[in-house]
Ligand SMILES: [Mn+2]
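In this note's numbering, the protein residues as written are 757 to 1093.
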């Protein structure tokens, strides 16, 4: 099942009135937030702060630790650990496609009087009292900026930095198919605030400890190509274990960029990276170049995501998980170019 309804005007109006009603507000990104989830929440958080509205920003990980590359986002002072967010009456989730992605904050969101889901995943499952979900948006940050505008807050460098970080993360710096003329126009508007896009790119992409270079090298050196997979379109896959990361003393987030290196192989339409978490579950990431919808595979295996970037987390051995992934990929219809 995939979400296709567009946001309706009355839901935007109801969201703005809930946020400005004087109730306490909690803004939440998904667990293990990326720049789209946290950048969106911080952008709206800063906007509400400008309006004098009490607001906290959080995500449902326990222990609560902001991923390293997101520590340079403006608005860090708004961040609160899940156990200190109180009992907010208004909760807004950003980039959260299924309710379990709220982690330990799920119960708090469900007991709020207004629970708004702002998202762009086709795998969005339909939770919340209000859904502002646009599956054509290249990033949740685009919807976050619309909310900032509707709150009548002037776009400034700090808010622009948060929004831009989300957009470049989810569009692969404007490379992916969901990027439109409107996306570039929006980026131009953000750049006009004077925000430093060069520094943001450096923080998001080019600011890793040396161990990450070695980790990527290890994963790349054992990549395997199966040209017959995906109905003959080809699959490249590799595995990174918790022991590999331990050698360089790196958290699982450090393995995120491996897939961007292995996916360059011309011979493979789909790239798959299996990353072992600290508790020995496997986080499996899938990328398609555009001829197959890998979110179908991810959803079928208990995860979700976008058509060309999706994933799931499962227990098992990497070999058996790869067998399941191959079987699911073999059944995918090929999309028109
Ligand atoms: Mn996103």
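Glycine included, every Cβ here is placed at the ideal spot set by N, Cα and C.
**Request:** With a 10 Å radius around its C-beta and 16 neighbouring C-beta atoms as the bar for buried, classify residue 1003 as buried or exposed.
**Result:** Sequence index remark: in the chain shown, residue 1003 carries index 247 (1-based). It counts as exposed.
**Contained alpha helix (DSSP H) runs [length at least 4] in the region 896-981, N- to C-terminal order** = 896-906, 913-927, 937-947, 953-961 and 966-977
**Item:** Inter-residue spacing [alpha-carbon to alpha-carbon] between residue 819 and residue 885
**Value:** Taking the chain shown and counting its residues from 1, one reaches residue 819 at position 63. Taking the chain shown and counting its residues from 1, one reaches residue 885 at position 129. Answer to the nearest angstrom: the Cα atoms are 28 angstroms apart.
**Asked** Residue range of the alpha helix (DSSP H) that residue 1052 falls in?
**Response** As a working note, residue 1052 is residue 296 in the chain shown. 1050-1056 is the extent of the alpha helix (DSSP H) around residue 1052.
**Request:** Could you tell me which uninterrupted alpha helix (DSSP H) segments, each at least 4 residues in length, are contained entirely in the region 777-852, listed from first to last along the chain?
**Result:** 791-806
**Asked** If we ignore side chains and look at the alpha-carbon of each, how far apart do residue 991 and residue 1057 end up?
**Response** In the chain shown, the residue the question calls residue 991 occupies position 235. In the chain shown, the residue the question calls residue 1057 occupies position 301. Spanning the two alpha carbons is a distance of roughly 18 angstroms.
**Request:** Evaluate the contact criterion for the region 901-921 versus the region 791-805: three or more CB pairs, one atom per stretch, below 8 angstroms.
**Result:** yes
**Item:** Bridge partners - residue 989, DSSP secondary structure assignment
**Value:** Position 233 of the chain shown, counted from the start, is the residue given in the question as residue 989. BP columns for residue 989 are empty, so no partner.
**Request:** Tell me whether residue 1020 is buried or exposed, calling it buried when 16 or more other Cβ atoms sit within 10 Å of its Cβ.
**Result:** As a first step, residue 1020 is located in the chain shown; it is residue number 264 there, counting from the start. Under this definition residue 1020 is an exposed residue.
**Message:** Closer than 8 angstroms to a non-hydrogen atom of ligand 1 - does that hold for the CB of residue 878?
**Reply:** Counting from one through the chain shown, the residue named residue 878 turns up at place 122. No, since every heavy atom of ligand 1 falls outside the 8 angstroms radius drawn around the Cβ of residue 878.
**Message:** Using the three-state DSSP reduction, which class does residue 768 fall into: helix, strand or coil?
**Reply:** Taking the first residue of the chain shown as 1, we reach residue 768 at position 12. Three-state result, residue 768: helix.
**Message:** Threshold first: 4 residues or longer. Then list the alpha helix (DSSP H) segments lying entirely within the region 853-902, N to C.
**Reply:** 862-866
**Prompt:** Span of the alpha helix (DSSP H) holding residue 1004?
**Reply:** Stepping through the chain shown from its first residue, residue 1004 is reached at position 248. Here the alpha helix (DSSP H) through residue 1004 covers 998-1004.
**Message:** Since residue 1041 and residue 1053 should fall inside the 8 angstroms C-beta cutoff, what is the C-beta to C-beta distance between them, to a whole number of angstroms?
**Reply:** Against the chain shown, residue 1041 aligns to sequence position 285. Against the chain shown, residue 1053 aligns to sequence position 297. Actually they do not touch by this definition, with Cβ atoms about 11 angstroms apart.
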